[in-house]
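One structure is given below, encoded as structure tokens.
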Amino acid sequence: MDFPLTDPFFWETVIQGLLFGGVLALLSLGLNIIFGVIDVVWICYAELIMLGMYTIYFLYSDYGVPLPLAMLAGILVVALLGAALHYFIIRPILHTEPINQLLVTGGVLFFLQGFATLAFSVEFRNLGVSFGSIEAGDMYIPTTRLLAFIVSLVAVVGLWLFLKRTYLGTAIRAISQDRDVMPLMGVSPGKIYLVTSALGGGLAGLGACLLVLLYDIHPAIGLTFGPITFMVCVMGGLGNMIGGFIAAFIFAEFIALGGFYAEIEWGYVIAFAFFIVMMFIRPQGILGSKS
Amino acid sequence: MKSTKVARRAAVSALGAAALALPLLSLMPATAQAADPIRIGVIYDFTGPFAAGGSTAAAVGNEIAVELINEQGGVEGHKIETIVADAQSKAEVAINEATRLLDQENVDLIMGVFSSAHCVPMAQKVDAQQKFMWANVCVSSAVFKDKNLKYVFRGQVHSDQFGWASCTFLQEYAEKKLGMKPSDLKVAIIYEDGPYGSGVASGNEETCKGYGMDVTLKEGYSATAPDLSSLITKLRRARADVILHTGYNPDITLFLRQAKEQGLKWKALIGHGAGYGQIDKLTEAFGEDANYIYNTDPVAAQLLDPSTLAPGLGDLTAEMVKRYKEKTGANEVPPHTSMGFNQAWIFFSDVLPRAIKEYGGYDPESLRKAALDTDIPVGGTVQGYGVKFNPPGHKMAGQNERSSPVVMQYVDGATKIVWPTAIQTMDPVLPLPDGHTYAR
Numbered sequence: 001m002d003f004p005l006t007d008p009f010f011w012e013t014v015i016q017g018l019l020f021g022g023v024l025a026l027l028s029l030g031l032n033i034i035f036g037v038i039d040v041v042w043i044c045y046a047e048l049i050m051l052g053m054y055t056i057y058f059l060y061s062d063y064g065v066p067l068p069l070a071m072l073a074g075i076l077v078v079a080l081l082g083a084a085l086h087y088f089i090i091r092p093i094l095h096t097e098p099i100n101q102l103l104v105t106g107g108v109l110f111f112l113q114g115f116a117t118l119a120f121s122v123e124f125r126n127l128g129v130s131f132g133s134i135e136a137g138d139m140y141i142p143t144t145r146l147l148a149f150i151v152s153l154v155a156v157v158g159l160w161l162f163l164k165r166t167y168l169g170t171a172i173r174a175i176s177q178d179r180d181v182m183p184l185m186g187v188s189p190g191k192i193y194l195v196t197s198a199l200g201g202g203l204a205g206l207g208a209c210l211l212v213l214l215y216d217i218h219p220a221i222g223l224t225f226g227p228i229t230f231m232v233c234v235m236g237g238l239g240n241m242i243g244g245f246i247a248a249f250i251f252a253e254f255i256a257l258g259g260f261y262a263e264i265e266w267g268y269v270i271a272f273a274f275f276i277v278m279m280f281i282r283p284q285g286i287l288g289s290k291s
Numbered sequence: 001m002k003s004t005k006v007a008r009r010a011a012v013s014a015l016g017a018a019a020l021a022l023p024l025l026s027l028m029p030a031t032a033q034a035a036d037p038i039r040i041g042v043i044y045d046f047t048g049p050f051a052a053g054g055s056t057a058a059a060v061g062n063e064i065a066v067e068l069i070n071e072q073g074g075v076e077g078h079k080i081e082t083i084v085a086d087a088q089s090k091a092e093v094a095i096n097e098a099t100r101l102l103d104q105e106n107v108d109l110i111m112g113v114f115s116s117a118h119c120v121p122m123a124q125k126v127d128a129q130q131k132f133m134w135a136n137v138c139v140s141s142a143v144f145k146d147k148n149l150k151y152v153f154r155g156q157v158h159s160d161q162f163g164w165a166s167c168t169f170l171q172e173y174a175e176k177k178l179g180m181k182p183s184d185l186k187v188a189i190i191y192e193d194g195p196y197g198s199g200v201a202s203g204n205e206e207t208c209k210g211y212g213m214d215v216t217l218k219e220g221y222s223a224t225a226p227d228l229s230s231l232i233t234k235l236r237r238a239r240a241d242v243i244l245h246t247g248y249n250p251d252i253t254l255f256l257r258q259a260k261e262q263g264l265k266w267k268a269l270i271g272h273g274a275g276y277g278q279i280d281k282l283t284e285a286f287g288e289d290a291n292y293i294y295n296t297d298p299v300a301a302q303l304l305d306p307s308t309l310a311p312g313l314g315d316l317t318a319e320m321v322k323r324y325k326e327k328t329g330a331n332e333v334p335p336h337t338s339m340g341f342n343q344a345w346i347f348f349s350d351v352l353p354r355a356i357k358e359y360g361g362y363d364p365e366s367l368r369k370a371a372l373d374t375d376i377p378v379g380g381t382v383q384g385y386g387v388k389f390n391p392p393g394h395k396m397a398g399q400n401e402r403s404s405p406v407v408m409q410y411v412d413g414a415t416k417i418v419w420p421t422a423i424q425t426m427d428p429v430l431p432l433p434d435g436h437t438y439a440r
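If you're matching them up, the sequences are chains G and C in order. Be aware that the first sequence starts at 1, since it is given in UniProt numbering, and climbs by one per residue. Be aware that the second sequence starts at 1, since it is given in UniProt numbering, and climbs by one per residue.
Next comes the structure, spelled out in structure tokens:
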């Protein structure tokens with residue numbers, strides 16, 4: 001094995017880790033904004049992404065809709081699903097115990113998986129689209145993953161600007177800081193929650209646009225990403241978008257470099273061990289506040 | 001979806017038939033009651049990732065065997081009645097379903113089971129209860145190895161044989177096709193880390209090393225891993241000539257996709273069943289890139305020359321193929337269908353009649369004795385191999401000692417047998433032709 005700094009395979013692994021981190025970061029954004037504002041964890045978040053992937057697949061493959069339009073439709077459909085999830089499922093139990101909310105969204109997870117199995121069958125589906133790779137010396141950088149990385153960066157900056165620079169964004173931040181006082185100042189929490197849910201859903205839809213290029217679509221795809229996305233959010237500080245963003249890259253690099261120097265499964269073991277240690281050291285997450 | 005529907009319909013029909021039959025039974029004379037239906041708990045994965053990875057296809061094959069035998073009047077006058085259960089691609093569900101079928105549904109035996117991860121614990125549990133299990137699809141050698149099971153039998157090929165077959169194929173063709181001595185051949189072994197992948201990989205390692213090949217990398221991964229990039233980087237560094245891969249789905253497609261994106265090249269890629277048995281899916285996902293992939297698996301019955309088999313088996317295979325296409329609308333009939341069909345057919349046509357006629361019934365003890373008497377010569381089943389089960393005390397007691405896989409290769413969407421040479425339908429394309437995406 002070469003010295004790491006001169007070993008192109010080492011650098012390729014670092015870059016692959018960064019790119020996978022981009023995927024995880026994007027997935028964590030929507031989950032974090034929902035928790036940060038509404039204080040509810042959508043356990044079924046990855047299943048919303050799955051439905052977005054199916055939407056894009058069917059529009060593109062069966063109805064011949066151009067891919068960018070199909071993706072836009074995917075984002076809109078999942079945004080609507082997010083809003084519907086809040087309006088019909090979360091809203092009635094918003095003030096009950098958190099465990100009830102967890103159980104309900106967990107129930108939605110199984111419902112959506114079952115629904116997808118019945119409606120779309122258990123078959124693996126594939127968009128069959130590949131954007132190739134960029135070759136740099138002995139290194140290969142997959143274009144799709146690079147795209148995911150860039151979209152992830154743009155999404156986090158865009159979200160930050162939206163929350164900081166717009167009236168709606170300011171209202172969302174305000175209600176996340178004090179959900180009891182804001183109604184006294186004329187802000188309707190119900191509407192803000194609905195908008196936030198649509199926003200979270202839209203981000204899940206954005207995640208679907210990228211995952212549909214990287215993975216097969218099947219009803220159980222959520223199981224691949226749901227747990228790891230949740231862990232990234234918790235490690236970053238549940239509800240803290242920047243924390244989630246950082247945690248995604250830490251997690252991905254542990255997996256990549258652990259897999260490179262040991263076995264790929266060890267990468268996950270090391271990442272999860274780090275997660276457990278972090279939960280002891282900073283149970284509130286990397287950037288989470290103790291309150 | 002259609003096949004799932006079919007399976008579900010079969011389950012509902014079976015339950016419905018059982019419910020309707022109950023009041024009628026009381027009206028029948030005593031002689032008719034002697035020919036009670038034989039109730040079989042059939043377990044496959046109809047949901048979750050294993051469903052489309054071959055489990056549903058196997059279940060349909062199993063179902064066709066039941067239909068055919070019932071159309072012939074059943075076995076010794078007994079109709080076969082199936083209670084179908086969905087293991088949901090989860091080991092704990094599979095075990096619970098086996099328990100439910102045996103203890104609550106009071107089935108006479110358990111049949112089916114796709115995943116080795118389900119098969120290993122289920123076989124031990126069923127055997128401990130002294131109930132009978134007939135495993136159709138799962139391949140892990142660990143199901144039987146050193147377990148001395150008495151009531152579990154499997155006609156199917158086992159994982160050590162998968163590993164042996166692909167390495168022996170390479171050993172035979174290394175010089176002829178690659179111009180390399182087997183000892184110069186660099187081989188990488190990658191596998192999903194469940195009993196299935198681990199079992200095949202152990203067989204690969206043992207045999208390839210036995211032939212003096214250089215195993216440059218052997219590594220397992222979780223079938224649900226969302227990223228295999230570091231494994232592929234290591235494979236590139238290892239510069240293996242041949243990659244031996246055992247996986248389910250979607251890990252196989254993830255591997256092929258990431259391998260392409262990361263510029264991984266090889267002279268041959270040999271898969272071992274599961275996702276590699278689904279040529280239509282591979283072609284749909286990868287188009288021409290799926291060309292020349294090898295798959296080591298029990299053969300899909302329709303690929304065999306009927307003249308090499310016992311009389312009537314060719315027609316039986318043709319009927320299986322016809323019904324599979326009718327039921328699923330599929331063009332390709334995967335090897336899993338043959339596995340589900342063949343094992344069930346061996347049981348219905350050979351073991352079960354003997355149990356009833358010579359041992360007085362279909363209780364676990366009679367079935368066990370009848371299974372141990374099985375002696376089908378090579379060419380006596382639709383998949384070509386013969387059947388004789390290792391006796392109690394053998395380190396693989398209950399496993400068919402005459403089973404054998406073949407090595408197939410996909411060319412332009414068609415499946416060809418390339419090994420064993422005696423039954424090959426095409427000379428192997430080795431190495432990958434220049435210009436192929438993965439060619440070195």
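Positions of the beta carbon are idealized from the N, C-alpha and C atoms, including for glycine. As the structure is a computational prediction, the values presented were derived from the model and not from experiment.
Please name the residue, chosen from the options, that lies closest to residue i on a Cα-to-Cα basis.
i                : options                                : result
Thr168 (chain C) : C:Ser183, C:Arg154, C:Gly155           : C:Ser183
Gln113 (chain G) : G:Leu27, G:Leu223, G:Phe58, G:Gln101   : G:Leu223
Met50 (chain G)  : G:Ala155, G:Ile250, G:Leu210           : G:Leu210
Thr99 (chain C)  : C:Ile43, C:Ser55, C:Asp193             : C:Ile43
Val215 (chain C) : C:Leu231, C:Ala238, C:Gly197, C:Ser229 : C:Ala238
Leu199 (chain G) : G:Thr13, G:Ile38, G:Asp7               : G:Ile38
Gly163 (chain C) : C:Phe114, C:Met133, C:Ile190           : C:Ile190
Gln177 (chain G) : G:Leu118, G:Phe10, G:Phe35, G:Leu26    : G:Phe35
Gly413 (chain C) : C:Leu352, C:His158, C:Glu284, C:Ala117 : C:Glu284
Val14 (chain G)  : G:Phe251, G:Gly285, G:Arg179           : G:Phe251
Lys265 (chain C) : C:Ala57, C:Asp373, C:Thr47, C:Ala439   : C:Ala439
Ile40 (chain C)  : C:Pro391, C:Asp363, C:Val387           : C:Asp363
Ala310 (chain C) : C:Pro335, C:Gly379, C:Phe286           : C:Gly379
Ile346 (chain C) : C:His78, C:Lys388, C:Gly329            : C:Lys388
Ser152 (chain G) : G:Ser130, G:Glu253, G:Ile246           : G:Ile246
Ser115 (chain C) : C:Leu102, C:Ala128, C:Leu372, C:Ser55  : C:Ser55
Could you tell me which residues DSSP pairs with residue i in its beta bridges?
i                : result
Gly41 (chain C)  : C:Ile83, C:Ile110
Asn400 (chain C) : C:Phe389
Gly271 (chain C) : C:His245, C:Asn295
Leu217 (chain C) : C:Ala188
Val66 (chain C)  : Paired residues: none, contrary to the question.
Gln409 (chain C) : C:Tyr294, C:Lys416
Phe50 (chain C)  : None; Phe50 (chain C) has no bridge partner.
Phe153 (chain C) : C:Trp134
Round the Cβ separation of residue i and residue j to the nearest angstrom and send it over; I've been treating them as touching at under 8 Å.
i                : j                : result
Val120 (chain C) : Ala142 (chain C) : 5 Å
Ala248 (chain G) : Val232 (chain G) : 5 Å
Leu27 (chain G)  : Phe225 (chain G) : 6 Å
Thr337 (chain C) : Val60 (chain C)  : 6 Å
Ala188 (chain C) : Leu256 (chain C) : Wrong, their Cβ atoms sit about 15 Å apart, outside the cutoff.
I'd like the list of long-range same chain contacts for residue i, defined as Cβ closer than 8 Å, with 5 residues on each side in sequence excluded.
i                     : result
residue 293 (chain G) : Limits of chain G in this structure are 1 at one end and 291 at the other, which puts residue 293 (chain G) out of reach.
Gln156 (chain C)      : Ala135, Asn136, Val137, Cys138, Val139, Pro298, Met339, Gln343, Asn400, Ser403
Ile75 (chain G)       : Gly52, Gly202, Gly205, Leu206, Ala208, Cys209
What residues in its chain sit with their C-beta under 7 Å from that of residue i, if we drop five residues either side in the sequence?
i                : result
Tyr359 (chain C) : Ser366, Lys369, Ala370
Phe272 (chain G) : none
Asp146 (chain C) : Lys395
Glu332 (chain C) : Ile279, Asp280
Pro433 (chain C) : Ala439
Output needed for residue i: all residues of its chain with C-beta closer than 6 Å, excluding positions within five of it in sequence on either side, in chain order.
i                : result
Gly132 (chain G) : Thr143
Leu5 (chain G)   : none
Ile90 (chain G)  : Val40
Lys177 (chain C) : Leu430
Glu12 (chain G)  : Met139
* **Stretch-stretch touch, CB-based, cutoff 8 Å, three pairs: the stretch 245 to 257 of chain C with the stretch 413 to 424 of chain C** => Contact between the stretch 245 to 257 of chain C and the stretch 413 to 424 of chain C is absent, because fewer than three Cβ pairs lie under 8 Å.
* Asked: Touching or not, the stretch 272 to 288 of chain C and the stretch 122 to 137 of chain G, by the rule of three or more beta carbon pairs under 8 Å?
  -> Between the stretch 272 to 288 of chain C and the stretch 122 to 137 of chain G, the count of C-beta pairs closer than 8 Å reaches three or more; the two stretches touch.
* Three CB pairs or more closer than 8 Å across the stretch 159 to 171 of chain G and the stretch 13 to 21 of chain G -> Cβ pair count under 8 Å is below three, so no.
* Asked: Any chance the stretch 252 to 260 of chain G sits against the stretch 213 to 232 of chain C, with 3 or more Cβ pairs inside 8 Å?
  -> Yes, they touch.
* **Stretch pair the stretch 60 to 80 of chain G + the stretch 174 to 191 of chain G: three plus CB contacts closer than 8 Å** => Counting Cβ pairs under 8 Å, fewer than three are found: no touch.
* Validate contact between the stretch 61 to 73 of chain C and the stretch 307 to 327 of chain C using beta carbons, cut 8 Å, 3 pairs -> Contact between the stretch 61 to 73 of chain C and the stretch 307 to 327 of chain C is present: 3 or more CB-CB pairs across the two stretches fall below 8 Å.
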